[in-house]
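Undergrad: Residue numbers (numbering that gives the first Met the number 0), protein chains in the order written: chain U, 0 to 472; chain S, 0 to 398. Built from N, CA and C at the ideal position, the CB exists for glycine as well.
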Amino acid sequence: MQVANRPSSQADGTPDFSVEPSVVLKNPSFHDITEVISKPIESKATLKWYIALAFSMMLLTLELVCWGLSFYYGDGLWGNNIPVAWAFPIVNFVFWIGIGHAGTLISAILFLFRQKWRNGIARFAEGMTIFAVMTAGLFPLFHTGRQWLPLYLVPYPNKHAVWVNFLSPLVWDVFAVSTYFTVSLFFWYTGLIPDFATLRDRTLGKDLVSRIRKTVYSVLSLGWRFSNRHWRHYERVYLILAGVSTPLVLSVHTIVSFDFAVSGLLGWHTTIFPPYFVAGAIFSGFAMVVTVLVFIRYIFDMQHIITVDILEKMNKIILLTGTLVGYAYGMEFFIAWYSGNAVEQFVFINRAFGPYAWAYWIMISCNVISPQMFWFRKLRRSVPVMFVTSIFVNIGMWFERYVITVTSLARDYLPSSWGWYNPTLVDFGLLLGSFGMFFTLTLLFVKFMPVVSIAEVKGVMDNARPSHHGGDH
Amino acid sequence: MSTASHTMVYEKKALPAKVATTGWALLILGLLLGVAAFMMDALRMQFVSIILFTFLAGIGITALFMVSIEYLAGAVWSTPIRRVFEMMSSIVLFLPLFALPVVLSMGNVFEWMSPKAATDQVLINKAPYLNQPFFLVRLAVILGIWILFYVLFTKNSRKQDETRDQSLTARNIKLSAIFIPVMGLSITALSIDFLMSLEPHWFSTIFGVNFFMGSLVAALSFITIAVILLNENGYLGKGIVRDHYYSLGFAMFAGCVFWTYTAFSQGMLIWYANMPEETPWYLHRWEDGWNVITISLLVVHFIVPLFALIQRKNKTNPARMIFMSCWLIFAHMFDLYWIVMPVHSHVAKIHGPSIGLAELAAALIAIGFIVVLFQQQTKNKNLVPVGDPKLQRGLAFRL
């Protein structure tokens, strides 16, 4: 029976707050949902997908070449120098780790807050988290200079009693990022199990490709049979994983901020850094999710699942976190002035009006000013506007890390040791190439796995409500 | 499930007389003790009046924050109990009264007001911000803005009881969007003025956020006690269930953890960087026996609530929720004591932490005042926003 979606506005067009708005529009049946989400996986890849993949693999090749050169010749190919010893590698690392924050925020924190709208986008955001963390992880690994000795990052008992420096936040990073990656992966995979089972059951062909597919999906679905008991266990595990992931969302970027904030360096040591980095990470992560979802919902005909309402809510969070980041910039400036300390004051004047002022003002205009457009409902709901803004936010957040890292290192306490930083071609190649790695993984993901959670979306549809048939259930 | 099964049956009932009696008794006893404490040790009472003011100011404004965040986020679970939030936020109307003792004794408590400040180069540099006229202007602006927003929010909300006009909700949503950034800046400024500037050499960028979170937890605790007592005795009609208590407990838990997170950010980073501009503030709270207080604060404000509130069975148990709310109200007072009183010890040249009549008086005044205020507020207002369009959805809220 086709029932019209519940109206969430009154006769005069103003919103009706007494009705819960529908999460999924057009009132599809459960079967329609399965069909729409499975379609990209089960049908042949389109030309558009191949073109996109070719382009992103080109960038990936660039990254591989640059990593290869860095491996063969060493880190001397980069622009890093003394005093700017941390440059592009750490900037890119923090940038990608930040991108990876939206996934767990959406899937874990919004789950605990019982936000139903998250169900349509959680899967994709989680996938993106995994790819972003993978992309990020390569930068510090190569920055160590001896990529073949990563085992030294891990503390393990040995006869030489050589331990890692537990007091170094860089070592905490190793724990924080690897824990985050592991838990995110499990969380993602747990959510995928029922969907893999759906895909397994839908694969009926007898040809070789279908048989391979069936085997792969069977193994991945771990014998899921949609029984009541399975669902009970699943829900319990999902809740626990959400609880475990929630502190991780905060801890990872907190520890990344410690990399800077524990030092005595000017402009790095300020107590607001941990929550400010977390807010910034969520900000950039949401922007990246919006950038990509705008395309996905269009290409895969999912406008009724990934609705404008959902995108609007994401834009509200972008506005909120962008403003929080603005609050942090403001507090840094205010406290530098309030401190009455000439050195503290110099750092921020140097940032805003010194030789790197261009980077600072790019950061301010992209991060603080551009999201302010989202105060207006029309702009918040306009797909072109949100796409452009989300790109601006990503640019701004990259520059934020650039400003923090480079301006503080280039001019520290001793003017005699001041320096300048020029990135090399290899640096730019790695930055550009990292997008290739990220988008290649993303494109493979959207082709071979359900990009929206089939099971979870069904749970928030109008049909799933006990009151759907007028209280018959 | 039809919406009819969640229709609220609400009849306004007057609170029993003993509420007013208890409130007035606590308040009057507190005031008498306060006068006695002032006679015995004026300086201590002057410092304690900062605790009293910041305690009430934080609770009033964060209760209003809870009102605005409900509108802005479109939350429904809190709609049936929103009137309690609104009544708690009426504290802001009386804040000028509580600010008065602090303003009158500014010269004794704020180091930047003392004659010594004229010879201290750092304080000379800070004088453009830390001076009495600008301080008073800021205070007046902040309190003025808060009172204005309180009046606007509650006027619309009450009007809706009669008109049931949905455009009032839309209006309050717009108001919330303006209010939240304004509140963020103003509560930061207030915390810097009244608490951070007590040790004017010290500075920390996270301080305002930390004060906000501490206040939010205390406000939620007062609200929780009021909601549970009212509901269990049938003053909120029928329909508010333990799932609503759970949500309050959830918010308290999250607030506690986030408070700890900001406190940890500040403490750990200052400890690690070990810079002479910043460490004295923590040394004043560690040496001379203050380390006992610092460690107790960690236990009281974080470890106990962490284990108590993480369990669902505690968050849905009315008696345990009331206990934890009382606990967290104490924790917030203790936090403010920890921020303010080491400065008093330093100025009064007392060794180690001490407690006097003044602290007891302040606690009685704060609690007595909130009870009296609440009782007055309930006299001629509905305890449930009966005209709110989200009310039925809020009553239907289940975990």
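I'd like the span of the alpha helix (DSSP H) that includes M182(S), first residue to last.
TA: Within the second sequence, residue 182(S) is the residue found at index 183, counting from 1. Residues 165-193.
Undergrad: Can you find a C-beta in chain U that's less than 8 Å from the C-beta of N124(S)?
TA: For the purposes of this step, residue 124(S) is identified with residue 125 of the second sequence, where counting begins at 1. At least one chain U Cβ lies under 8 Å of N124(S).
Undergrad: Would A36(S) and A357(S) be called neighbours here (beta carbons separated by less than 8 Å)?
TA: Taking the first residue of the second sequence as 1, we reach residue 36(S) at position 37. Taking the first residue of the second sequence as 1, we reach residue 357(S) at position 358. Yes, Cβ-Cβ distance for A36(S) and A357(S) is below 8 Å.
Undergrad: From the beta carbon of Y337(U), is the nearest beta carbon of chain S less than 8 Å away?
TA: Counting from 1 along the first sequence, the entry for residue 337(U) is found at position 338. With 8 Å as the cut-off, Y337(U) counts as an interface residue toward chain S.
Undergrad: Would you mind telling me which residues of chain S sit closer than 8 Å to W9(U), beta carbon to beta carbon, in chain order?
TA: For the purposes of this step, residue 9(U) is taken as the residue at position 10 of the first sequence. It is Gln, not Trp, that sits at residue 9(U) in the sequence shown. Per Cβ cutoff of 8 Å: Q165.
Undergrad: Are the CB atoms of T187(S) and G213(S) nearer to each other than 8 Å?
TA: Residue 187(S) sits at position 188 when you count from the first residue of the second sequence. Residue 213(S) sits at position 214 when you count from the first residue of the second sequence. Result no, Cβ atoms of T187(S) and G213(S) do not sit closer than 8 Å.
Undergrad: Tell me which same chain residues have a C-beta within less than 7 Å of the C-beta of N349(U), skipping the five on either side of it?
TA: By 1-based counting over the first sequence, the position of residue 349(U) is 350. Hits under 7 Å: T406, R410.
Undergrad: Give the secondary structure of S8(U) by DSSP, where H, G and I count as helix, E and B as strand, and everything else as coil.
TA: For the purposes of this step, residue 8(U) is identified with residue 9 of the first sequence, where counting begins at 1. Strand, per DSSP.
Undergrad: Mind pulling the chain S residues with CB within less than 7 Å of A260(U)?
TA: Taking the first sequence and counting its residues from 1, one reaches residue 260(U) at position 261. Chain S residues near A260(U): L268.
Undergrad: Whole angstroms are fine: how far does the CA of I68(S) sit from the CA of I177(S)?
TA: For this step, residue 177(S) is matched to residue 178 along the second sequence. For this step, residue 68(S) is matched to residue 69 along the second sequence. Those two C-alpha atoms are separated by around 11 Å.
Undergrad: By the DSSP assignment, the alpha helix (DSSP H) with M330(U) in it spans what residues?
TA: Here residue 330(U) is taken as the residue at index 331 of the first sequence, counted from 1. For M330(U), the enclosing alpha helix (DSSP H) begins and ends at 307-337.
Undergrad: Identify each residue in the stretch 275-301 of chain U for which the Cβ-Cβ distance to at least one residue of chain S is less than 7 Å, and report them in chain order.
TA: none
Undergrad: For the stretch 352-361 of chain U against the stretch 276-296 of chain U, are there 3 or more C-beta pairs whose distance is under 8 Å?
TA: no
Undergrad: Please give the ranges of any alpha helix (DSSP H) in the stretch 250-308 of chain S, keeping only runs that are unbroken, at least 4 residues long and fully inside the region.
TA: 278-282, 289-297, 303-308
Undergrad: What ranges does the alpha helix (DSSP H) occupy inside the stretch 379-467 of chain U, keeping only unbroken runs of at least 4 residues that lie completely in it?
TA: 382-401, 424-447, 453-458
Undergrad: Give me the residue from T162(S), F249(S), L296(S) with the minimum Cα distance to N313(S).
TA: Your numbering for residue 313(S) matches position 314 in the second sequence. When each option's Cα is compared against that of N313(S), the closest is F249(S).
Undergrad: When you compare the CB of T293(S) with every CB in chain U, is at least one pair closer than 8 Å?
TA: Taking the first residue of the second sequence as position 1, residue 293(S) is located at position 294. Not one chain U Cβ lies under 8 Å of T293(S).
Undergrad: May I have the straight-line CA-CA distance separating I90(S) from L103(S), to the nearest angstrom?
TA: Counted from its first residue, the second sequence places residue 90(S) at position 91. Counted from its first residue, the second sequence places residue 103(S) at position 104. Computed Cα separation, rounded: 21 Å.
Undergrad: Measure the Cβ-Cβ separation of M385(U) and N314(U) and say whether it is below 8 Å.
TA: Along the first sequence, read from residue 1 onward, the residue named residue 385(U) stands at position 386. Along the first sequence, read from residue 1 onward, the residue named residue 314(U) stands at position 315. Their beta carbons are under 8 Å apart, which means M385(U) touches N314(U) by this criterion.
Undergrad: Nearest by alpha-carbon distance to Y228(S): which of A347(S), F373(S), R397(S) is it?
TA: The residue you call residue 228(S) lines up with position 229 of the second sequence. Reading off the sequence shown, one finds Leu at residue 228(S), where the question assumed Tyr. The candidate whose alpha carbon is nearest that of L228(S) is F373(S).
Undergrad: Whose C-beta lies closer than 6 Å to the C-beta of A131(U) among residues of the same chain, with five residues either side of it excluded?
TA: As a position in the first sequence, residue 131(U) is number 132, starting the count at 1. Here the set comprises W95, I98, G99.
Undergrad: In whole angstroms, what separates the C-alpha of F329(S) from that of D192(S)?
TA: In the second sequence, residue 329(S) corresponds to position 330, counting from 1. In the second sequence, residue 192(S) corresponds to position 193, counting from 1. Rounded to whole angstroms, F329(S) to D192(S) spans 23 Å at the Cα level.
Undergrad: Does the beta-carbon of A13(S) have 16 or more other beta-carbons within 10 angstroms, so that it is buried, or is it exposed?
TA: Position 14 of the second sequence, counting from 1, holds the residue named residue 13(S). The residue is exposed, with fewer than 16 neighbouring Cβ atoms inside 10 Å.
Undergrad: Specify the secondary structure class of P39(U) as computed by DSSP and reduced to three states.
TA: For the purposes of this step, residue 39(U) is taken as the residue at position 40 of the first sequence. Correct three-state label for P39(U): helix.
Undergrad: Within 10 angstroms of its Cβ, does R235(U) collect 16 or more other Cβ (buried), or is it exposed?
TA: The count along the first sequence starts at 1 and reaches residue 235(U) at position 236. Only exposed fits R235(U), as fewer than 16 other CB atoms lie within 10 angstroms of its CB.
Undergrad: Mind checking who P14(U) pairs with in its DSSP beta bridge?
TA: Here residue 14(U) refers to the residue found at position 15 when the first sequence is read from its first residue. Bridge partners of P14(U): S8(U).
Undergrad: If you reduce the DSSP assignment to three classes, tell me which class K12(S) lands in.
TA: As a first step, residue 12(S) is located in the second sequence; it is residue number 13 there, counting from the start. Three-state result, K12(S): coil.
Undergrad: Which of the residues in the stretch 322-334 of chain U, read from start to end, lie with their CB under 7 Å from any CB of chain S?
TA: Those would be T322, Y326, M330, E331, I334, in chain order.
Undergrad: Rounded to whole angstroms, what is the Cα-Cα separation between C255(S) and P304(S)?
TA: By 1-based counting over the second sequence, the position of residue 255(S) is 256. By 1-based counting over the second sequence, the position of residue 304(S) is 305. Their Cα atoms are separated by approximately 7 Å.
Undergrad: Can you list, in chain order, the residues of its chain with a C-beta nearer than 8 Å to that of W267(U)? Leave out the 5 residues immediately preceding and following it.
TA: As a first step, residue 267(U) is located in the first sequence; it is residue number 268 there, counting from the start. For W267(U), where only same-chain residues beyond five positions count, the Cβ hits under 8 Å are F259, A260, I403, S407.
Undergrad: When the distance is taken between beta carbons, is L51(S) closer than 8 Å to V346(S)?
TA: As a position in the second sequence, residue 346(S) is number 347, starting the count at 1. As a position in the second sequence, residue 51(S) is number 52, starting the count at 1. The answer is no: Cβ separation not under 8 Å.
Undergrad: For W111(S), which of helix, strand or coil comes out of DSSP?
TA: Within the second sequence, residue 111(S) is the residue found at index 112, counting from 1. Helix at W111(S).
Undergrad: Please confirm whether L240(U) has its beta-carbon closer than 8 Å to some beta-carbon of chain S.
TA: The sequence position of residue 240(U) within the first sequence is 241, counting from 1. Answer no: the Cβ-Cβ gap between L240(U) and chain S never drops below 8 Å.
Undergrad: Just to confirm, are M57(U) and G435(U) a CB contact at a threshold of 8 Å?
TA: By one-based count along the first sequence, residue 57(U) stands at place 58. By one-based count along the first sequence, residue 435(U) stands at place 436. It is a contact, given that the beta carbons lie within the stated cut-off.
Undergrad: With 8 Å set as the bound, which would you pick, yes or no: does the beta-carbon of Q1(U) sit closer than that to a beta-carbon of chain S?
TA: Residue 1(U) sits at position 2 when you count from the first residue of the first sequence. Residue placement at Q1(U) is flagged as unreliable, the pLDDT there being 39, under the threshold of 50; a coordinate-derived value is accordingly withheld.
Undergrad: Strictly below 8 Å CB to CB, what residues from chain U border R389(S)?
TA: Within the second sequence, the letter at position 390 stands for residue 389(S). Looking at the sequence shown, residue 389(S) is not Arg but Lys. Near K389(S) (Cβ distances below 8 Å), the residues of chain U are F16, S17.
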